[in-house]
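Here the structure is laid out as structure tokens; the discussion comes afterwards.
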Amino acid sequence: MPFLTIFLSHSYFATDKMIGLNSEYVDILKANSKRDLQMVVKDFNIPGVTDTSIVTYNNKAMGIKGQMLFIDSVRGELRYNFNKVIKVSGDKGESDEE
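Per the UniProt record's numbering, residue 1 is the first one in the sequence shown, and the count goes up by one each step.
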């Protein structure tokens, strides 16, 4: 029987390593530091996403009140909220949205 566990944390860096590595989805409502974002890139390895581009995607998501950056490791993609897929088109944070 499948189940869902939701874990809330104020810092990805401070989260237990096993919890982070066993997560399939991460919602970033507000990143406390670039280091947290870099840890997410390292742990989830989304194709085309780099340390610098994740900061750009996060800043764009945070530019609109109530928006989050959603990381889906199952499909290997980033989204704004749950429905706007970010098509990664380079390592500078450039994207085309669906």
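Heads up, the beta-carbon is just placed ideally off N, CA and C, and yes, glycines get one too.
| task | Determine the closest residue to Val-88 out of Thr-52, Gly-63, Gly-66, Phe-7, with distance taken between C-alpha atoms. | result | Thr-52
| query | Which value, in whole angstroms, describes the spacing of the CA atoms of Phe-82 and Phe-70? | reply | 6 Å
| query | Along the chain, where does the beta strand (DSSP E) that runs through residue 99 open and close? | reply | Past the boundaries of the shown model lies residue 99; the chain is included only from 1 to 98, so the question cannot be answered.
| In the structure shown, what three-state DSSP assignment does Tyr-57 receive? | helix
| said: So Val-55 and Val-49 are supposed to be a Cβ contact under 8 Å. How far apart are they, rounded? | reply: About 10 Å separates the two Cβ atoms, so there is no contact after all.
| For Leu-4, does the count of other Cβ atoms within 10 angstroms reach 16, so buried, or fall short, so exposed? | exposed
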